[in-house]
Structure formats: structure tokens, C-alpha cells
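Residue numbers (UniProt numbering), protein chains in the order written: chain A, 1 to 276; chain B, 1 to 276; chain C, 1 to 276; chain D, 1 to 276.
There are 4 protein chains.
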Amino acid sequence: MTTDQQPLTLREKIYQIIFEADTPAGKRFDIALLVVIVISIALVMLESIPSVKQIYGKELLSAEWLITILFTVEYLLRIFSSPKPAKYIFSFLGIIDLLAIIPTFLSLLAPDAQALVVIRAIRLLRIYRILKLYHFIRASNLLVLALQRSARKILIFMMFIAILVVMLGSIMYVVEGAQNGFYSIPLSIYWAIITLTTVGYGDIVPLTDLGKFIASFIMLLGYSILAIPTGIVTVEMSRTFNESTDKHKTCNNCGEPHHTPEANYCRICGEKLSKV
Amino acid sequence: MTTDQQPLTLREKIYQIIFEADTPAGKRFDIALLVVIVISIALVMLESIPSVKQIYGKELLSAEWLITILFTVEYLLRIFSSPKPAKYIFSFLGIIDLLAIIPTFLSLLAPDAQALVVIRAIRLLRIYRILKLYHFIRASNLLVLALQRSARKILIFMMFIAILVVMLGSIMYVVEGAQNGFYSIPLSIYWAIITLTTVGYGDIVPLTDLGKFIASFIMLLGYSILAIPTGIVTVEMSRTFNESTDKHKTCNNCGEPHHTPEANYCRICGEKLSKV
Amino acid sequence: MTTDQQPLTLREKIYQIIFEADTPAGKRFDIALLVVIVISIALVMLESIPSVKQIYGKELLSAEWLITILFTVEYLLRIFSSPKPAKYIFSFLGIIDLLAIIPTFLSLLAPDAQALVVIRAIRLLRIYRILKLYHFIRASNLLVLALQRSARKILIFMMFIAILVVMLGSIMYVVEGAQNGFYSIPLSIYWAIITLTTVGYGDIVPLTDLGKFIASFIMLLGYSILAIPTGIVTVEMSRTFNESTDKHKTCNNCGEPHHTPEANYCRICGEKLSKV
Amino acid sequence: MTTDQQPLTLREKIYQIIFEADTPAGKRFDIALLVVIVISIALVMLESIPSVKQIYGKELLSAEWLITILFTVEYLLRIFSSPKPAKYIFSFLGIIDLLAIIPTFLSLLAPDAQALVVIRAIRLLRIYRILKLYHFIRASNLLVLALQRSARKILIFMMFIAILVVMLGSIMYVVEGAQNGFYSIPLSIYWAIITLTTVGYGDIVPLTDLGKFIASFIMLLGYSILAIPTGIVTVEMSRTFNESTDKHKTCNNCGEPHHTPEANYCRICGEKLSKV
Numbered sequence: 001m002t003t004d005q006q007p008l009t010l011r012e013k014i015y016q017i018i019f020e021a022d023t024p025a026g027k028r029f030d031i032a033l034l035v036v037i038v039i040s041i042a043l044v045m046l047e048s049i050p051s052v053k054q055i056y057g058k059e060l061l062s063a064e065w066l067i068t069i070l071f072t073v074e075y076l077l078r079i080f081s082s083p084k085p086a087k088y089i090f091s092f093l094g095i096i097d098l099l100a101i102i103p104t105f106l107s108l109l110a111p112d113a114q115a116l117v118v119i120r121a122i123r124l125l126r127i128y129r130i131l132k133l134y135h136f137i138r139a140s141n142l143l144v145l146a147l148q149r150s151a152r153k154i155l156i157f158m159m160f161i162a163i164l165v166v167m168l169g170s171i172m173y174v175v176e177g178a179q180n181g182f183y184s185i186p187l188s189i190y191w192a193i194i195t196l197t198t199v200g201y202g203d204i205v206p207l208t209d210l211g212k213f214i215a216s217f218i219m220l221l222g223y224s225i226l227a228i229p230t231g232i233v234t235v236e237m238s239r240t241f242n243e244s245t246d247k248h249k250t251c252n253n254c255g256e257p258h259h260t261p262e263a264n265y266c267r268i269c270g271e272k273l274s275k276v
Numbered sequence: 001m002t003t004d005q006q007p008l009t010l011r012e013k014i015y016q017i018i019f020e021a022d023t024p025a026g027k028r029f030d031i032a033l034l035v036v037i038v039i040s041i042a043l044v045m046l047e048s049i050p051s052v053k054q055i056y057g058k059e060l061l062s063a064e065w066l067i068t069i070l071f072t073v074e075y076l077l078r079i080f081s082s083p084k085p086a087k088y089i090f091s092f093l094g095i096i097d098l099l100a101i102i103p104t105f106l107s108l109l110a111p112d113a114q115a116l117v118v119i120r121a122i123r124l125l126r127i128y129r130i131l132k133l134y135h136f137i138r139a140s141n142l143l144v145l146a147l148q149r150s151a152r153k154i155l156i157f158m159m160f161i162a163i164l165v166v167m168l169g170s171i172m173y174v175v176e177g178a179q180n181g182f183y184s185i186p187l188s189i190y191w192a193i194i195t196l197t198t199v200g201y202g203d204i205v206p207l208t209d210l211g212k213f214i215a216s217f218i219m220l221l222g223y224s225i226l227a228i229p230t231g232i233v234t235v236e237m238s239r240t241f242n243e244s245t246d247k248h249k250t251c252n253n254c255g256e257p258h259h260t261p262e263a264n265y266c267r268i269c270g271e272k273l274s275k276v
Numbered sequence: 001m002t003t004d005q006q007p008l009t010l011r012e013k014i015y016q017i018i019f020e021a022d023t024p025a026g027k028r029f030d031i032a033l034l035v036v037i038v039i040s041i042a043l044v045m046l047e048s049i050p051s052v053k054q055i056y057g058k059e060l061l062s063a064e065w066l067i068t069i070l071f072t073v074e075y076l077l078r079i080f081s082s083p084k085p086a087k088y089i090f091s092f093l094g095i096i097d098l099l100a101i102i103p104t105f106l107s108l109l110a111p112d113a114q115a116l117v118v119i120r121a122i123r124l125l126r127i128y129r130i131l132k133l134y135h136f137i138r139a140s141n142l143l144v145l146a147l148q149r150s151a152r153k154i155l156i157f158m159m160f161i162a163i164l165v166v167m168l169g170s171i172m173y174v175v176e177g178a179q180n181g182f183y184s185i186p187l188s189i190y191w192a193i194i195t196l197t198t199v200g201y202g203d204i205v206p207l208t209d210l211g212k213f214i215a216s217f218i219m220l221l222g223y224s225i226l227a228i229p230t231g232i233v234t235v236e237m238s239r240t241f242n243e244s245t246d247k248h249k250t251c252n253n254c255g256e257p258h259h260t261p262e263a264n265y266c267r268i269c270g271e272k273l274s275k276v
Numbered sequence: 001m002t003t004d005q006q007p008l009t010l011r012e013k014i015y016q017i018i019f020e021a022d023t024p025a026g027k028r029f030d031i032a033l034l035v036v037i038v039i040s041i042a043l044v045m046l047e048s049i050p051s052v053k054q055i056y057g058k059e060l061l062s063a064e065w066l067i068t069i070l071f072t073v074e075y076l077l078r079i080f081s082s083p084k085p086a087k088y089i090f091s092f093l094g095i096i097d098l099l100a101i102i103p104t105f106l107s108l109l110a111p112d113a114q115a116l117v118v119i120r121a122i123r124l125l126r127i128y129r130i131l132k133l134y135h136f137i138r139a140s141n142l143l144v145l146a147l148q149r150s151a152r153k154i155l156i157f158m159m160f161i162a163i164l165v166v167m168l169g170s171i172m173y174v175v176e177g178a179q180n181g182f183y184s185i186p187l188s189i190y191w192a193i194i195t196l197t198t199v200g201y202g203d204i205v206p207l208t209d210l211g212k213f214i215a216s217f218i219m220l221l222g223y224s225i226l227a228i229p230t231g232i233v234t235v236e237m238s239r240t241f242n243e244s245t246d247k248h249k250t251c252n253n254c255g256e257p258h259h260t261p262e263a264n265y266c267r268i269c270g271e272k273l274s275k276v
């Protein structure tokens with residue numbers, strides 16, 4: 001877009017590399033950023049394991065500072081090169097980029113603050129940048145399109161599920177009651193979701209005979225209605241994928257492209273179609 | 001339907017607003033009712049949580065009386081405006097509407113009765129009114145149609161599942177017996193349903209080797225036959241959704257039936273198609 | 001078949017009623033038998049519940065004898081009316097019919113034998129007779145046909161699953177070992193099946209980090225490959241159901257029936273097809 | 001391939017029998033090998049059960065030596081008959097074949113080494129040879145083809161699932177924390193996988209209200225997105241299976257391509273079709 005004849009300023013060059021993915025340098029930057037984000041996520045994970053932190057505490061700290069400095073440089077370059085810095089700073093990704101570097105600097109002020117470990121986990125949200133890189137993968141376009149088309153029907157299904165678990169959870173609260181672990185209606189709804197989705201933790205289970213009977217009914221229901229979202233998505237995928245591979249004849253006279261191979265005449269203008 | 005030239009009586013106007021959804025006022029009433037029902041359900045849920053009830057007991061009581069008065073007014077207006085009040089009063093929704101307001105009034109007579117908390121949960125059934133509002137959502141028509149078409153085959157599948165769990169549960173009762181937690185055949189059937197639907201609470205598990213072997217078989221069976229309801233629903237959805245987009249024109253000259261609505265000429269013989 | 005002009009003997013009449021379902025009397029007999037079998041199964045279930053047996057022991061005993069006498073009469077009539085009694089007696093259903101009545105008579109000889117309760121459960125196998133009555137339900141034909149067509153591919157999938165759980169179970173036995181509850185390879189395979197089918201009892205769970213990593217992999221695998229049997233069955237159902245509704249043109253000259261509606265000429269003999 | 005007119009050397013004959021499956025002898029060898037591998041796997045399984053090993057220890061030892069000698073002979077014959085022995089020895093299957101026989105011989109040097117029991121389990125990997133025999137089963141070709149076509153889309157789905165469980169696991173680590181059993185982020189991710197795939201062991205469960213709310217969301221998500229891999233595989237299977245039965249003839253006169261192989265005349269213009 002911005003690549004015209006006249007030479008680019010440094011700012012424009014940096015913008016192209018950091019914000020766009022059209023040039024080889026831009027692609028290399030995206031991949032490098034992806035790798036650093038994955039490493040930074042791995043670091044946060046490792047730090048959360050007590051035994052690892054005890055042994056490799058110093059190494060993790062050094063690595064953390066290295067990552068933080070890299071992220072800080074990237075953040076400053078993004079502000080510098082962006083044509084509208086304020087727009088970037090207050091965008092969703094801009095705020096996450098800032099939140100990803102703040103905790104490490106804050107730890108200088110209060111080195112023992114336990115809360116910072118928790119805040120540092122916000123860095124994990126940078127994983128969203130990976131999702132933004134989805135344009136690397138062409139095939140996902142059809143997937144996303146099929147899911148968008150299913151969204152409306154899936155939403156109705158979810159509303160139906162919501163009403164169902166509220167009703168079933170309330171019935172079970174009345175049937176089993178607090179003495180059997182169904183302490184409140186929200187907890188009973190939580191149990192109904194566990195049962196309907198066939199997760200089945202087993203932390204709350206019906207103890208009365210009637211409760212077990214209702215639970216059996218919920219299980220069989222959950223087992224069967226799983227077919228509904230699957231059916232919706234399968235049908236939409238089938239349409240989306242097939243559309244993309246259907247090879248139509250095009251009329252030479254009026255340009256109408258939607259003719260199946262066995263058509264002899266253009267369905268719009270009546271012109272005879274040429275053989276494929 | 002009832003909106004002719006002559007002016008409506010107050011009764012007819014109320015009927016239009018409360019029972020119908022064609023007029024703007026009717027739609028606003030439906031949405032307002034929906035909101036109040038959701039709030040009343042939230043109140044019943046909150047009341048069921050001991051800690052919340054202890055702190056916000058008074059506020060919940062006030063809110064409950066407000067909801068009850070609103071529901072009572074609505075109930076009386078429904079009786080007043082209905083052309084056949086008796087029919088409404090003894091209808092399914094009419095009885096639920098009454099049951100939704102009775103418990104709060106009964107609590108005046110016996111303020112400490114624990115049982116009333118339970119009866120109050122009946123108010124949750126008013127959620128059915130939300131389901132009645134499904135005409136707001138057009139897309140659900142095709143979903144419901146596809147499910148109705150699947151119903152017969154799903155029923156046969158369910159009968160097969162019922163026979164299966166009775167047989168498998170009985171076998172496990174003989175194999176494991178009361179000493180391993182399979183106290184009776186109905187309980188063993190309950191376990192078979194938990195296992196076949198892949199819920200897997202873990203409250204009852206086979207302890208003998210043979211029992212574990214049979215359990216493995218049931219799991220693999222349940223894992224595979226999930227394909228049956230899914231297949232049924234997917235095929236019926238595929239038909240239903242495709243039919244709705246396949247209103248074809250037929251050529252009067254050659255009889256070729258596969259022309260989409262925008263086609264002007266027969267694709268086989270070139271004859272002009274008549275407008276639908 | 002056997003209903004010719006000449007009058008039927010008593011034996012033939014009984015045969016028609018008991019073994020066939022073509023006549024009104026035959027259908028009534030089938031339904032009555034179905035009801036009695038369901039009642040007898042309910043009796044066995046109720047007897048297996050200790051609290052019920054204690055209170056209603058006498059009533060259950062009377063009902064059991066009534067059922068047993070009915071089944072005995074039916075058994076003797078089947079032998080009497082069958083053209084080849086030996087063939088019936090040694091058939092699968094014949095043996096089950098006998099096993100269903102023996103335990104009650106045996107209880108006269110040894111009234112306290114606990115084992116008889118177990119043997120009596122064999123009566124549950126008479127439920128197979130219900131499955132034999134499936135001809136009542138037309139729609140099940142297409143379902144059964146679709147499943148038969150899927151059988152071969154499902155079998156290959158099951159073989160693959162079998163090899164998979166043997167390998168995964170063995171790996172987990174090596175990784176976790178007896179100290180973490182994976183006492184033997186068969187038990188570890190049982191665990192792998194519980195995990196792969198997403199049942200997840202939780203009676204055996206991985207305790208080492210590596211074990212948890214492998215378990216995560218198995219879960220995601222089980223979650224994904226569920227798509228395979230579903231895909232197989234859906235495709236076969238789609239074919240089977242669509243075939244049954246496809247309306248083909250038939251050639252008047254050679255009788256070839258498989259022509260789609262847009263065909264103009266018989267694909268076998270070249271005769272012009274008449275319009276539908 | 002190698003079966004020309006001139007007589008085969010012993011080496012070539014052995015090669016044909018062991019490495020190929022075209023000749024009757026080759027097929028018999030494959031089946032015999034399959035049986036011995038299954039027996040050897042059953043032996044490893046039985047040995048892993050403490051009670052069985054105690055009683056049948058000697059018999060198992062004898063059987064193990066018999067199997068080991070058979071495998072050793074086979075291994076040596078493979079090296080002898082292979083045109084490029086080094087290539088076989090260092091191939092994946094060659095290394096497994098060696099690893100399958102080493103542990104038993106090592107047990108002569110250190111008869112009490114517990115570790116050998118573990119190493120012996122490597123023999124289970126010989127089960128891969130069974131997978132290599134898949135050419136026995138024709139129908140699996142279409143299955144494999146359909147899965148290969150789905151692979152790319154399934155991979156994208158798996159990447160999405162990976163990002164999802166990392167984010168959800170991290171959120172739950174922050175929400176629940178070590179005091180509720182979510183000791184580290186990797187463990188929380190493990191929990192997220194257990195919940196999303198609807199396995200639901202119940203060894204780790206959310207204890208806070210917010211945690212339960214998030215868990216409910218994850219369950220409903222996992223329940224719904226199961227539709228995605230199922231949809232992908234179903235659509236690809238539908239294409240693959242239909243293509244395999246759709247080898248169409250095309251009319252040379254009018255170009256109409258949709259003629260099944262048994263068609264003789266073009267259904268559109270009546271022209272005689274050429275043989276395929």
C-alpha cells in the first residue's frame with residue numbers, strides 16, 4: 001500500500017516491518033515476535049512451578065529481564081513508527097503490549113510482592129498476537145467462514161442449553177437439597193452443566209433415587225443433543241467447502257458465472273454455452 | 001387479526017398487548033415481561049445461596065414482593081382481558097402463572113415455613129414463557145423442523161439405548177454385586193448410563209477384572225454410537241437447510257426441474273422459463 | 001404364508017398367533033408378551049433393591065410365580081405348536097425362554113439359595129424378544145441399513161483404537177508404574193480407554209508430570225478422533241436416506257430405472273425418456 | 001516385481017516371504033508373524049500382573065524364551081535376505097525388531113534387574129508391524145485419504161485449542177491459585193484440557209464461585225467446539241467416499257460429464273458413449 005516509487009523514511013520502514021506482513025522483513029519480524037512470545041509464555045509457566053523457581057530462580061530472572069527489554073524496545077518502536085501513536089497506545093493490543101512489560105519494572109520497586117506473579121500472567125494475553133497472525137494459514141479462512149455462518153444457529157442452541165440447565169439445576173436443588181451437596185441453585189446449575197456436557201467431575205453427585213433418575217435423564221439428553229451443534233457446523237462446512245470447489249460454466253454473452261456443468265444454455269440470457 | 005376498522009375496547013387493547021406480539025406495544029410488553037422473569041429467577045437463585053440470604057435478606061424480600069405484585073397484576077389482567085378466562089386459568093401456562101405468585105402470599109400465613117423456599121422455585125417454570133417468545137428468532141424454525149424430522153429415528157435410538165443399559169446394568173450387577181457398590185439393578189443401570197454417555201462421575205466404579213473389561217467395552221460402545229444421533233440430525237439438517245434454499249423453477253418445454261429462482265432460460269433446451 | 005383356503009388346525013392357529021405377527025391376534029399376542037416381559041424385568045429390578053424386597057417380599061414372590069406360570073404356558077405352547085419343536089428348543093431364543101422359567105422352579109428345592117437371585121437375572125435376556133419385534137418400526141430399517149454399511153469402516157476404526165490403547169496404556173505403565181496406581185498393563189489399558197473415550201472416572205489418574213502430559217495428549221486425541229466414527233456413520237446415513245427418496249426416471253424401452261430427472265435419453269439403450 | 005522367468009536364489013525366496021506380501025507364502029508369513037506378535041504382547045501384559053507372575057512365572061519365562069528365539073531367527077533372516085542389510089538394521093522397524101529381543105538376553109546377565117521388565121515393554125512397539133499390514137484391509141485406504149485431506153484443517157483446530165487451553169489454564173491459575181489445587185500454570189492447563197475435552201477426572205476441581213463459573217464456560221465451549229473436527233472429517237469423508245463411486249464417463253458430442261460407468265448413451269444428446 002505505502003510502497004510507492006519515492007524512498008521510504010526510517011519511520012515508514014520500521015512501520016512496514018513491525019505492523020505489516022507483506023515484505024520479507026515484515027514476515028521475519030512476525031515469526032521472530034511469535035517465537036519470543038512463546039518463550040515468554042513458557043517462562044511465566046516455568047516460574048509458576050515452585051520446584052523449578054527454587055532451582056532456576058536466577059536464570060529465570062535474567063531471561064525475564066531480557067524478554068522485558070525486547071518487549072519494551074518493540075513497544076517504543078511501535079509508538080515511534082505508528083502514524084497515530086495515541087490510537088495504538090489505547091488500542092486493545094496496545095494496552096496488552098504495555099501490561100506485558102509493566103510487572104517486571106514494578107518488581108524493582110517491590111521485589112517481594114507476591115501479587116506481581118499474578119499480574120505477570122497478563123503477559124500470556126500477548127498470545128493474541130499469534131491469533132492475529134492467522135493470515136499465514138490460508139485454510140483457516142474457510143473454517144472461519146463456516147463458523148460465522150453457523151454462529152446464529154449455535155447461539156440459539158446455547159440459549160436453549162442455558163434455559164435447560166437453569167430448569168434442571170433448580171429441579172435438582174429441590175430434589176437433592178443442601179444436605180446432599182446441592183447447596184444453592186447456582187451450584188446445582190453448575191452440576192447440571194457438568195452432567196449435560198458429559199464432563200462428570202464427580203465432585204457433586206446425586207444421592208437420592210429420584211436425583212439419580214433425573215441425572216440419568218440429563219446424561220442421555222446431553223449425549224443426544226450434542227448432535228445439534230455438530231449437525232449445524234457440518235452442514236455449514238459442507239456448503240462452504242463445496243462452494244469453494246464448485247466449477248461453474250460462465251456465459252460468454254452476459255457473464256453469468258453460476259451454471260453447473262450439464263447446462264447447455266445460459267439461464268439468464270438464453271445464449272448457448274460453450275463446452276468446457 | 002383483530003385489528004379491524006372499528007375502535008378497540010380497553011379489554012381488547014389489553015388483550016392485544018398481553019397476549020399478542022404483533023403490535024409495538026405487544027413487543028415491548030413481551031420484552032419487559034422477559035426481563036422481569038429473568039430478574040425473578042435471579043432472585044430465587046440468590047435466595048438459595050445461604051451467605052447472600054443472610055446479608056441481603058431484607059432487600060431480597062422487598063424485591064420479591066415487588067415481583068410478586070407485578071406478576072399478580074399481570075395475572076389479573078390476563079384473566080380480565082382473556083375472551084375465555086376459564087380456558088386461560090386452567091391452561092398449562094395459566095397454572096404456572098398462578099403458582100408463581102402463591103408462595104409469596106402463603107409466606108404471610110407461615111413466615112418460617114422452610115417448604116415455601118422449595119415451592120417458590122416453581123416460579124422458575126415461568127421461564128417457559130421465554131421459550132414461547134421463540135418467534136423472535138426466525139432461524140430457529142429450520143432448527144426445530146430438522147429436529148422434528150429426526151425425532152422418530154432418535155426415538156428408536158433411545159429405545160435401543162434403554163434396552164442396552166438395562167442389559168449392561170444387569171450384567172454388571174451380577175458381575176460386581178453389592179459388595180463393590182453395585183447395590184441393585186436400577187443403581188447398576190444408573191452406572192451404565194454414566195459410563196455409556198461418557199459422563200463418568202467415578203462415584204461407582206468396577207473393582208473386579210471382569211467388571212473393568214465389561215466397563216471398557218461399554219465405554220468404547222458409548223464412544224462409537226454417539227455417531228448415530230449425530231448422523232441422524234446432520235442428515236436431516238442438511239436436507240432441511242438445503243430445501244429452504246432450493247426453490248427450483250421447472251421448464252415447461254423439457255421438464256428440467258433444477259433451475260434456481262434467478263434463472264430465466266432452461267439450461268437444457270433453452271426455452272424461456274415462466275416467472276414463479 | 002400358511003393362510004390358504006382350507007381351515008387351520010388348532011396347532012397351526014397357535015403357531016400363527018405365537019410365532020407370526022401378520023394377523024391381528026398375532027400382533028395382540030406380541031404386544032401382550034412385550035408387556036409381560038417388561039413387567040418381569042421390572043420385578044427382577046425391584047427384587048434386587050434390598051429395602052423393597054424387605055417390605056414387598058411376599059407380593060413380589062406372588063407376582064414372580066404368576067409371571068413364571070405365564071412364561072411356562074407360553075414355552076409349552078411354543079413347543080407344542082412349532083413344526084420342528086427340537087429346532088425351537090435348542091435355538092438361542094428357545095434356551096433363553098427355558099432359562100427364564102427354571103430359576104423360580106429351582107427355588108422350590110433350595111429356597112434360601114442366594115445364587116438363584118443371580119440366575120434369575122437371566123430372565124432379563126428375554127428383552128431380546130423386544131428387539132425381535134423391531135419390525136413394528138419401519139423407520140429402523142434405514143437406520144440398520146446405514147449402520148450395516150458403516151460396519152466395515154467402524155471395525156477398522158475399532159482395530160486402530162485397540163492398537164492405540166494397548167500402546168498408550170503400556171507407555172503409561174512404564175511412566176507411572178505400580179506406585180501411582182498403574183498396577184499392570186491391562187489396568188493401564190483400562191485407564192487409557194477411560195481417558196480416550198472421555199469417560200474420565202478419576203479412579204486412576206496420572207501423578208507424574210510426564211504422565212499428565214501424555215494424558216493430555218490422549219484426551220485431545222480422543223476428543224478429535226471421535227470425529228471419525230461420526231463422519232463414517234453420517235456419510236453412510238446420508239447416502240442411505242437420500243437413495244430412498246431419490247425419484248428416478250425409468251426407460252420405457254429397456255426398463256433401466258436409474259436416471260436422474262434431468263436425463264433426456266436412456267443411458268443404456270439410447271431411447272428418448274418420457275417427461276416425468 | 002522380482003518374479004521373472006529365471007529361478008530365485010534361497011536369499012531371494014526368503015526376501016519374498018519375509019518382506020513381501022504378494023505370494024501365498026508371504027501372506028501366510030505375515031499372518032503367522034501377526035499372531036506371534038499378539039501372543040508376545042499378551043505375554044508382556046500377563047507378566048505385568050503381579051498375581052499372574054507369581055503363579056505362572058515359570059510358564060511365562062519359557063514362553064518368553066520361545067518368542068525371543070522366534071523373533072531372533074526372524075531378525076537374522078531379515079538381515080540375511082535383505083539386499084541392503086545396513087539399511088534394514090538402522091531403519092525404524094529394524095531397531096524395534098532388535099529392541100524386542102535384547103531385553104530377554106540381557107536378563108541372563110542380570111536376572112533380577114527390575115528395569116528389564118520396563119525395557120521389555122518396548123516389545124509392544126512391534127505392534128507397529130500390524131499397522132504395516134494394513135494393506136490387508138482395502139477399505140482403510142479411503143479412510144486414510146479422507147483423514148489426510150482433513151489433516152491441515154484439524155491441525156489449525158488443534159493450534160486454536162492449544163492457545164485456548166493456555167489462556168484458560170492461566171486464568172484459572174490466577175483465579176483459583178495453589179491453595180485450591182491449581183499449583184502451577186502447566187497443571188492448570190492440564191486441568192483445562194481435562195475440562196475442555198469433557199474427560200472430567202475430578203482430581204482437580206474449581207472451589208471458588210468465579211472458578212466454577214469459568215469452568216462452566218469451558219465445559220459448554222468444549223461441548224460445542226467438538227462440532228468442528230467432526231464437521232471437518234465428515235465433509236472430507238463425504239467428498240472422498242463419493243468421489244470413489246463417481247468415476248463418470250463424459251459425452252464426446254455434448255460434453256455432459258455426469259454418466260456413471262454403466263451408461264452407454266449420453267443422457268443429454270443421445271450420442272453413443274465411448275468405452276472407458
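Glycine included, C-beta positions come from ideal geometry on N, C-alpha and C. If you're wondering where the values come from, they're calculated on a predicted model, not measured in any experiment.
Can you have a look at A:L84 and say buried or exposed, based on whether 16 or more other CB atoms are within 10 angstroms of its CB? By 1-based counting over the first sequence, the position of residue 84 of chain A is 84. The amino acid at residue 84 of chain A is misidentified as Leu; the sequence shows Lys. A:K84 should be labelled exposed.
Beta carbon of A:I14 nearer than 8 Å to that of A:F80: Position 14 of the first sequence, counted from the start, is the residue given in the question as residue 14 of chain A. Position 80 of the first sequence, counted from the start, is the residue given in the question as residue 80 of chain A. Taking 8 Å as the Cβ cut-off, A:I14 and A:F80 qualify as a contacting pair.
Selected residue, minimal CA-CA separation from A:L207, among B:M159, B:W191 and B:V73: For the purposes of this step, residue 207 of chain A is taken as residue 207 along the first sequence, with counting starting at 1. Closest by alpha carbon: B:W191.
Length of the line joining the Cα atoms of D:L8 and D:Q16: On the fourth sequence, position 8 is the one that residue 8 of chain D refers to. On the fourth sequence, position 16 is the one that residue 16 of chain D refers to. Roughly 10 Å separates the two Cα atoms.
Find out if the Cβ-Cβ distance for the pair B:G231, C:T197 is shorter than 8 Å. Here residue 231 of chain B is taken as the residue at index 231 of the second sequence, counted from 1. Here residue 197 of chain C is taken as the residue at index 197 of the third sequence, counted from 1. The answer is no: Cβ separation not under 8 Å.
If the criterion is Cβ atoms closer than 8 Å, does the pair B:V44 and A:I185 meet it? What you label residue 44 of chain B is simply residue 44 of the second sequence in a count that begins at 1. What you label residue 185 of chain A is simply residue 185 of the first sequence in a count that begins at 1. Yes, these two residues count as a Cβ contact at 8 Å.
Within this structure, are the beta carbons of C:I204 and C:I171 separated by less than 8 Å? To locate residue 204 of chain C, count along the third sequence from 1; it is residue 204. To locate residue 171 of chain C, count along the third sequence from 1; it is residue 171. A distance of 8 Å or more separates the beta carbons of C:I204 and C:I171.
Could you give the C-beta distance for D:R123 and D:S40, rounded to a whole number, given that I count them as a contact under 8 Å? Numbered from 1 along the fourth sequence, position 123 holds the residue referred to as residue 123 of chain D. Numbered from 1 along the fourth sequence, position 40 holds the residue referred to as residue 40 of chain D. Right, the Cβ-Cβ distance comes to about 6 Å (below 8 Å), so this counts as a contact.
Of all the options C:S62, C:V73, C:L106 and C:L108, which has the alpha carbon lying nearest to the alpha carbon of C:D97? In the third sequence, counting from the first residue as 1, residue 97 of chain C sits at position 97. Of the listed residues, the one whose Cα sits closest to C:D97 is C:V73.
Exposed unless 16 or more other CB atoms sit within 10 angstroms - verdict on D:G57: Translated into positions along the fourth sequence, residue 57 of chain D becomes position 57. It is exposed - the Cβ of D:G57 has fewer than 16 other Cβ atoms within 10 Å.
My guess is that D:M219 and A:V36 are in contact by the Cβ rule of under 8 Å, so how many angstroms apart are they, rounded? Counting from 1 along the fourth sequence, the entry for residue 219 of chain D is found at position 219. Counting from 1 along the first sequence, the entry for residue 36 of chain A is found at position 36. Not a contact, Cβ separation roughly 33 Å.
If the cut-off is 7 Å on Cβ atoms, which residues from the segment 203-229 of chain D count as contacting chain C, listed in chain order? Going along the segment 203-229 of chain D in chain order, one finds D203, L226 and P229 with a Cβ nearer than 7 Å to chain C.
Between the segment 93-114 of chain C and chain A, which residues of the former have CB atoms less than 7 Å from a CB of the latter, in chain order? none
With burial defined as no fewer than 16 other Cβ atoms inside 10 Å of the residue's Cβ, what is the status of B:P229: buried or exposed? The count along the second sequence starts at 1 and reaches residue 229 of chain B at position 229. When all chains shown are included, B:P229 counts as buried.
Along chain B, which residues have their Cβ under 8 Å away from the Cβ of residue 280 of chain A? Lying outside 1 to 276, the shown extent of chain A, residue 280 of chain A is not represented and no answer is given.
Given this structure, state the Cα-to-Cα distance separating D:Q54 from A:L66, to the nearest angstrom. Taking the fourth sequence and counting its residues from 1, one reaches residue 54 of chain D at position 54. Taking the first sequence and counting its residues from 1, one reaches residue 66 of chain A at position 66. Between the C-alpha atoms of D:Q54 and A:L66 there is a straight-line separation of about 58 Å.
Contact criterion: CB-CB distance below 8 Å. Does A:G26 meet it with respect to chain D? Position 26 of the first sequence, counting from 1, holds the residue named residue 26 of chain A. It does not: the Cβ of A:G26 has no partner Cβ on chain D nearer than 8 Å.
Can you find the residues in the same chain that come closer than 6 Å, C-beta to C-beta, to A:T149, ignoring five residues on each side of it along the sequence? As a working mapping, residue 149 of chain A is identified with position 149 in the first sequence. Looking at the sequence itself, residue 149 of chain A is Arg, so the reference to Thr does not match. Excluding residues up to 5 positions away in sequence, E236 lie with their Cβ nearer than 6 Å to the Cβ of A:R149 in the same chain.
Evaluate A:A110 with the Cβ neighbour count: other Cβ atoms within 10 Å of its Cβ, from every protein chain shown; 16 or more gives buried, anything less gives exposed. In the first sequence, residue 110 of chain A corresponds to position 110, counting from 1. With fewer than 16 other Cβ atoms within 10 Å, it is exposed.
Between which two residues does the alpha helix (DSSP H) harbouring B:V35 extend? On the second sequence, position 35 is the one that residue 35 of chain B refers to. From DSSP, the alpha helix (DSSP H) with B:V35 extends over P24 to E47.
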